[in-house]
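Residue numbers (full-length UniProt numbering): 1 to 372. For glycine and all other residues, C-beta sits at the position ideal for the given N, C-alpha and C. Note that the structure is a prediction, hence the values are computed from the model and not measured.
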């Protein structure tokens with residue numbers, strides 16, 4: 001009876017999906033189908049589609065368990081077809097040319113991918129690592145400026161890019177298992193490496209800040225129109241985005257006097273990336289942007305977890321927020337997304353499980369003393 005009930009509750013598409021997975025190329029096709037399904041759900045959150053997505057995701061998690069995946073170090077000697085995929089799928093710091101690719105796969109660098117036998121020659125996810133003496137403070141150090149050190153001198157394994165190649169595997173945390181496998185491999189192969197950290201982008205910071213500024217400006221305008229801005233009284237929703245000394249520095253860095261409030265000036269400045277070309281403006285913005293970015297990473301949450309997707313990924317894996325770095329990514333994308341700020345997440349091996357557990361249970365975000 002129990003088996004009959006279980007069979008009756010089993011969705012009709014279950015057998016079809018399992019049969020498709022057993023066919024050559026089936027797993028890749030199922031990932032493509034789920035990518036299309038997620039796109040449809042973005043347009044119409046239909047219960048039947050949501051149920052199908054939930055079932056398919058559950059099956060993909062089973063089929064893509066760590067035991068079914070092979071870890072492979074990607075090198076310059078791999079087939080050109082594989083190297084082309086690395087160039088195409090690199091999502092964090094685009095690979096500019098063959099020289100750039102060769103550098104990322106050469107001395108002092110590592111690239112590891114997770115592969116499944118049903119999708120040969122194509123990594124499901126890959127991670128890029130720089131072997132350094134200490135945590136890098138800018139992506140320019142990693143990609144451009146500093147020549148690689150002798151690997152025997154390396155003390156730090158810096159994870160600076162992790163890219164998923166299959167949109168249909170969204171929500172399936174292969175990165176967590178890949179990161180742990182790579183750390184274990186590096187510890188075994190390079191005992192001198194004692195620091196495991198990232199140099200990570202902060203993709204949602206500027207979007208959050210501009211939205212916060214817009215809402216505060218709108219609130220101030222509404223109060224003025226309604227005559228509520230009485231001395232000593234203001235809306236409970238009003239925030240002091242800028243400290244008085246920060247506002248003064250921004251005013252002094254602007255040539256013209258236009259009577260705008262500090263938050264209005266800040267909004268105007270940040271709407272374009274031209275401010276980075278002015279030493280005065282950059283100096284004036286460093287303090288408020290670094291402070292507000294710290295707040296964004298450590299205090300702004302959604303459903304009890306970090307609002308920033310990259311932060312949430314590393315925190316749920318057991319990392320802590322170690323350090324923010326000013327002008328760490330001076331690319332156009334870096335300025336637009338985070339004002340050029342990048343963050344080091346640190347994986348303290350003795351605390352990974354504790355930090356991951358406390359973050360999962362209560363949303364506690366561990367930070368270094370300098371950020372507390």
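What distance in whole Å lies between the Cβ atoms of residue 14 and residue 55, which are believed to be in contact at a cut-off of 8 Å? Position 55 of the chain shown holds residue 55. Position 14 of the chain shown holds residue 14. In this structure residue 55 touches residue 14 by the C-beta definition: roughly 7 Å separates them, less than 8 Å.
Helix, strand or coil for residue 327? Go by DSSP, reduced to three states. In the chain shown, the residue the question calls residue 327 occupies position 327. Residue 327 falls in the coil class under three-state DSSP.
Three-state class that DSSP yields for residue 247 in the structure shown: Against the chain shown, residue 247 aligns to sequence position 247. Residue state for residue 247 is assigned as helix, using DSSP reduced to three classes.
Pull up the CB-CB distance for residue 50 and residue 41, whole angstroms please, since I reckon it's below 8 Å. As a first step, residue 50 must be located in the chain shown, where it is residue number 50. As a first step, residue 41 must be located in the chain shown, where it is residue number 41. Going by Cβ atoms, the distance from residue 50 to residue 41 rounds to 6 Å, so yes, they are a contact pair.
If we require 4 or more residues per run, which alpha helix (DSSP H) segments fall completely within the UniProt domain "Malonyl-CoA decarboxylase N-terminal" (2-63)? Complete alpha helix (DSSP H) runs here, min 4: 2-9, 13-21, 26-43 and 47-63.
Do residue 351 and residue 325 count as a contact pair if the criterion is CB distance below 8 Å? Residue numbering aside, residue 325 sits at position 325 when the chain shown is read from its first letter. Residue numbering aside, residue 351 sits at position 351 when the chain shown is read from its first letter. Contact: no.
Option nearest residue 98 by Cα separation, candidates 108, 92, 86 and 91: Within the chain shown, residue 98 is the residue found at index 98, counting from 1. The alpha carbon of residue 98 has as its nearest neighbour, out of 108, 92, 86 and 91, the alpha carbon of 86.
Validate contact between the stretch 211-228 and the stretch 351-362 using beta carbons, cut 8 Å, 3 pairs: Using a C-beta cut-off of 8 Å, the stretch 211-228 makes no contact with the stretch 351-362, since fewer than three inter-stretch Cβ pairs fall below that distance.
So, with DSSP's three-state summary, where would you put residue 354? What you label residue 354 is simply residue 354 of the chain shown in a count that begins at 1. Helix at residue 354.
Are the beta-carbon atoms of residue 135 and residue 158 separated by less than 8 Å? As a first step, residue 135 must be located in the chain shown, where it is residue number 135. As a first step, residue 158 must be located in the chain shown, where it is residue number 158. Yes, these two residues count as a Cβ contact at 8 Å.
With C-beta atoms as the reference, is residue 250 less than 8 Å away from residue 265? Sequence index remark: in the chain shown, residue 250 carries index 250 (1-based). Sequence index remark: in the chain shown, residue 265 carries index 265 (1-based). Contact flag set, yes.
When the Cα atoms are used, what is the spatial distance from residue 161 to residue 364? Here residue 161 is taken as the residue at index 161 of the chain shown, counted from 1. Here residue 364 is taken as the residue at index 364 of the chain shown, counted from 1. Between residue 161 and residue 364, the alpha-carbon positions lie close to 25 Å from each other.
Residue burial classification, residue 36 (beta-carbon count within 10 angstroms, cutoff 16): By one-based count along the chain shown, residue 36 stands at place 36. Exposed, since its Cβ has fewer than 16 Cβ neighbours within 10 Å.
Give me the Cβ distance between residue 82 and residue 74, rounded to the nearest whole Å; I'm assuming they're in contact under 8 Å. Locating residue 82 in the chain shown gives position 82, counting from the first residue. Locating residue 74 in the chain shown gives position 74, counting from the first residue. Confirmed, about 7 Å.
Going by DSSP, name the residue or residues bridged to residue 163. Along the chain shown, one-based indexing puts residue 163 at 163. According to DSSP, residue 163 bridges with 126.
When the distance is taken between beta carbons, is residue 116 closer than 8 Å to residue 67? Numbered from 1 along the chain shown, position 67 holds the residue referred to as residue 67. Numbered from 1 along the chain shown, position 116 holds the residue referred to as residue 116. Going by C-beta atoms, residue 67 is not nearer than 8 Å to residue 116.
Neighbourhood of residue 109 by C-beta, 8 Å cutoff - its chain only, sequence neighbours within 5 removed: Taking the chain shown and counting its residues from 1, one reaches residue 109 at position 109. Annotation for residue 109: 103, 128, 129, 130, 131 and 148 place their beta carbon closer than 8 Å to its own, counting only its chain and skipping 5 residues before and after.
With respect to the alpha helix (DSSP H) encompassing residue 88, which residues constitute its N-terminal and C-terminal limits? Here the question's residue 88 lines up with position 88 in the chain shown. Bounds of the alpha helix (DSSP H) holding residue 88 are 80-89.
Using only the alpha-carbon positions, how far apart do residue 38 and residue 210 sit? Locating residue 38 in the chain shown gives position 38, counting from the first residue. Locating residue 210 in the chain shown gives position 210, counting from the first residue. The straight-line gap from Cα to Cα measures roughly 28 Å.
Between the beta-carbon of residue 200 and the beta-carbon of residue 290, is there less than 8 Å? In the chain shown, counting from the first residue as 1, residue 200 sits at position 200. In the chain shown, counting from the first residue as 1, residue 290 sits at position 290. Not closer than 8 Å, so no.
Short of 6 Å in beta carbon distance, which residues of its chain neighbour residue 26, apart from the five on each side in sequence? Order them along the chain. Counting from one through the chain shown, the residue named residue 26 turns up at place 26. Spatial neighbours of residue 26 in its own chain (CB-CB distance under 6 Å, excluding positions within 5 residues in sequence) are listed in chain order as 20.
If you count every other CB in all the chains shown that lies within 10 Å of the CB of residue 48, and 16 or more means buried, which is it? The sequence position of residue 48 within the chain shown is 48, counting from 1. When all chains shown are included, residue 48 counts as exposed.
What is the rounded straight-line gap between the Cα of residue 80 and the Cα of residue 316? Sequence index remark: in the chain shown, residue 80 carries index 80 (1-based). Sequence index remark: in the chain shown, residue 316 carries index 316 (1-based). Whole-angstrom Cα-Cα distance: 35 Å.
I need the straight-line Cα distance from residue 105 to residue 323, nearest angstrom please. In the chain shown, residue 105 corresponds to position 105, counting from 1. In the chain shown, residue 323 corresponds to position 323, counting from 1. Roughly 27 Å separates the two Cα atoms.
Output the distance between the C-alpha atoms of residue 187 and residue 196, rounded to the nearest integer angstrom. Translated into the one-based positions of the chain shown, residue 187 becomes position 187. Translated into the one-based positions of the chain shown, residue 196 becomes position 196. Just so you know, the alpha carbons of residue 187 and residue 196 end up roughly 10 Å apart.
What does residue 378 pair with, by DSSP beta-bridge criteria? Not covered by the structure: residue 378. The range shown for the chain is 1 to 372.
Measuring CA to CA, which of 281, 273 and 268 is closest to residue 246? As a working mapping, residue 246 is identified with position 246 in the chain shown. The shortest Cα separation from residue 246 among 281, 273 and 268 belongs to 281.
Nonlocal neighbours in the same chain, by C-beta distance under 8 Å from residue 61, ignoring five residues either side: Locating residue 61 in the chain shown gives position 61, where the first residue counts as 1. Answer for residue 61: 172, listed in chain order.
Per-residue DSSP class, three states only, for residue 242: As a first step, residue 242 must be located in the chain shown, where it is residue number 242. The DSSP-derived three-state label of residue 242 is coil.
Please return the same chain residues whose Cβ sits closer than 7 Å to the Cβ of residue 32, not counting the five positions on each side in sequence. Mapped onto the chain shown, residue 32 falls at position 32. Within its own chain, the residues whose Cβ lies closer than 7 Å to the Cβ of residue 32, once the five positions on either side in sequence are excluded, are 168, listed in chain order.
Taking DSSP's pairing of strands, which residues face residue 262 in a bridge? The count along the chain shown starts at 1 and reaches residue 262 at position 262. According to DSSP, residue 262 bridges with nothing at all.
Cβ-Cβ distance between residue 346 and residue 320 below 8 Å: Your numbering for residue 346 matches position 346 in the chain shown. Your numbering for residue 320 matches position 320 in the chain shown. Against a cut-off of 8 Å, the Cβ pair of residue 320 and residue 346 comes out as a contact.
Going by DSSP in three states, residue 314 sits in which element: helix, strand or coil? Numbered from its first residue, the chain shown carries residue 314 at position 314. Three-state DSSP puts residue 314 in a helix.
8 Å CB neighbourhood of residue 238 in its chain, flanking five on each side removed: Counting from one through the chain shown, the residue named residue 238 turns up at place 238. Excluding residues within five positions, the ones whose Cβ falls inside 8 Å are 216, 219, 220 and 223.
Of the choices 318, 339 and 44, whose alpha-carbon is the least far from that of residue 272? On the chain shown, residue 272 is found 272 positions in, with the first residue counted as 1. Of the listed residues, the one whose Cα sits closest to residue 272 is 339.
Relative to the C-alpha of residue 178, which candidate in 11, 71 and 337 has its C-alpha closest? Position 178 of the chain shown, counting from 1, holds the residue named residue 178. Nearest neighbour of residue 178 by Cα position, chosen from 11, 71 and 337, turns out to be 71.
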